[in-house]
Amino acid sequence: METNKDSQNKKRLGRGIGSLLGGASIADINSQNEYSISNQAQGTAAPSEVPAENRIWNISVDKLVPGIYQPRRHFNKESIEELALSIKENGIIQPLTARKRASGGYEIIAGERRWRAAQAAGLHEVPVILKNITDSEALQLAIIENVQREDLDPIEEAEAYQRLMQEFSFSQQQVSEKVGKERSTVANALRLIALPNEIKDMVSKKILSVGHAKVLMGLAQKTEQIKMAKNSIEKQLSVRTLEGLIKSFNSTQKQTPLVIPGQNTTDPLKVDLSQRLANELSEQLQKTLGTKVQINYKAGKGDLTIHFYSDEQLNAIYEKINR
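Heads up: the sequence shown is residues 1 to 323, going by the numbering used here.
So this is what it looks like as structure tokens:
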């Protein structure tokens, strides 16, 4: 169910695109789609009553090139093939946006995925809205369109925000206003940039969540971040468990092998054994032995106490240990 906050974000994004498209909203563009699809084969422009800045032109796919400010680095082959099938059946529902190149042809500002799918579908022309906009506006529009469609992975989104700040001297607040996101959202996304490339690739490939990645930033050394990231994936650790391990590690800056009951003892999970983890282990022993167990741990030493309340219970504990 869509929340008020989601609705507000979509409205902000819609206004952002509208301002960059010279006042054309997504609804304005969609109202022209029926014309674009039915006349795509003729290579004609939209009717003359449509404002020039919003007019849809049918342009040869060979005259279009990917935009230099495209924030997307990964295009899923299967997704493009699925879109190509849809285009064969229904045409291109929303036009691309492009601008003229000084060297000839047109640079795609928004819609490279549709352009790729159109070629896969065998189309010779695609509907395009031509805009006369600056480099800054081109990057903004590319980011807004991709963010609104949720096409960017978290790393691509963070890198896009960074480009706005580095190449056009935008502040975080200005980026927030341009793309229609809360400032805190932009700030949190930018934090991911500091992660090692290996971890960023894990996030992009969706084998490590953003939540895990943010927690890993609690480790000072990149080598430790990578090691813990791989460990988290291998052991399928929750974000909460990973956060606890990192806090424990930072408190002692020392790692001690620990074998958690039920795990493969030939491949132990190496973590820092703090009192918190000792308590977790004691809880597992209590379930196994059926009695109260206490572990007091300090700097690699401590004591393990197993409570029993009758001779019968002691014998039962002995039997369980010696199974």
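Just so you know, even glycine gets a beta-carbon here, dropped at the ideal spot from N, CA and C. If you're wondering where the values come from, they're calculated on a predicted model, not measured in any experiment.
Backbone secondary structure at residue i - three-state DSSP
i	result
Leu85	helix
Asp153	coil
Gly290	coil
Thr241	helix
Leu64	strand
Asn296	strand
Glu182	coil
Leu219	coil
Asp28	Reliability fails at Asp28, whose pLDDT of 41 lies under 50, so the model's placement of it is uncertain and the value that follows must be treated cautiously. Asp28 falls in the helix class under three-state DSSP.
Thr134	coil
Ser79	helix
Ile321	helix
Ser169	coil
Ser282	helix
Ala213	helix
Gly103	For the record, residue 103 in the displayed sequence is Ser; it is not Gly. Ser103: coil per DSSP, three-state reduction.
Ala158	helix
Ala117	helix
Ile92	coil
Beta-carbon contacts of residue i that lie in its chain and below 6 Å, excluding the five residues immediately before and after
i	result
Ala117	Ile80, Leu83, Ala84 and Ile87
His307	Thr291 and Lys292
Asp201	none
Thr305	Gln294
Arg101	Glu107
Glu145	Ala110
Asn296	Gly302 and Asp303
Gln173	Arg183
Ala278	Ile295 and Tyr297
Ala138	Tyr69 and Ile109
Thr134	none
Ala41	Note that Ala41 scores 36 on pLDDT, short of 50, meaning its location in the model is unreliable; the coordinates nonetheless yield the value given after this. There are no such residues.
Element boundaries [beta strand (DSSP E), containing residue i]
i	result
Arg99	Leu96 to Lys100
Leu130	Glu125 to Leu130
Start and end residues, alpha helix (DSSP H) containing residue i
i	result
Val179	Gln172 to Val179
Lys301	Not the alpha helix (DSSP H): Lys301 falls in the beta strand (DSSP E), residues Lys301 to Ile306.
Glu234	Lys222 to Lys235
Arg72	Segment: none, Arg72 is in no alpha helix (DSSP H) and carries neither H nor E.
Met202	Asn197 to Ser204
Leu208	First-last for Leu208: undefined, no H or E at that position.
For residue i, the residue or residues it bridges with in DSSP
i	result
Ala110	Thr97
Asn59	Reading off the sequence, residue 59 comes out as Ile, not Asn. DSSP lists Val126 as partners of Ile59.
Cβ neighbours of residue i in the same chain (closer than 7 Å, five flanking residues each side left out)
i	result
Ala142	Gly67, Tyr69, Gln70, Pro71, Ile109 and Ala110
Lys63	Gly105 and Tyr106
Leu152	Pro71, Arg72, Asn146 and Ala160
Pro196	Lys222, Gln225 and Ile226
Ile155	Leu192, Lys200, Val203 and Ser204
Leu314	Phe308
Arg240	none
Own chain partners of residue i with C-beta closer than 8 Å, once the 5 adjacent residues on each side are dropped
i	result
Val61	Trp115, Ala118, Gln119, Leu123, His124, Glu125 and Val126
Ile199	Leu208, Ala213, Leu216, Gln225, Ile226 and Ala229
Leu242	His212, Val215, Leu216, Met228 and Ser232
Phe170	Leu164 and Lys178
Thr185	Ser176
Residue-level contact to chain D via CB, residue i, 8 Å cutoff
i	result
Gln174	You won't find chain D in this structure, because it holds only one protein chain.
Would you be able to state if there are at least three C-beta pairs under 8 Å between the stretch 222-241 and the stretch 165-179?
-> Counting Cβ pairs under 8 Å, fewer than three are found: no touch.
The stretch 197-211 contacting the stretch 161-171, beta-carbon criterion three pairs below 8 Å = Touching, no, given that fewer than three Cβ pairs across the two stretches are closer than 8 Å.
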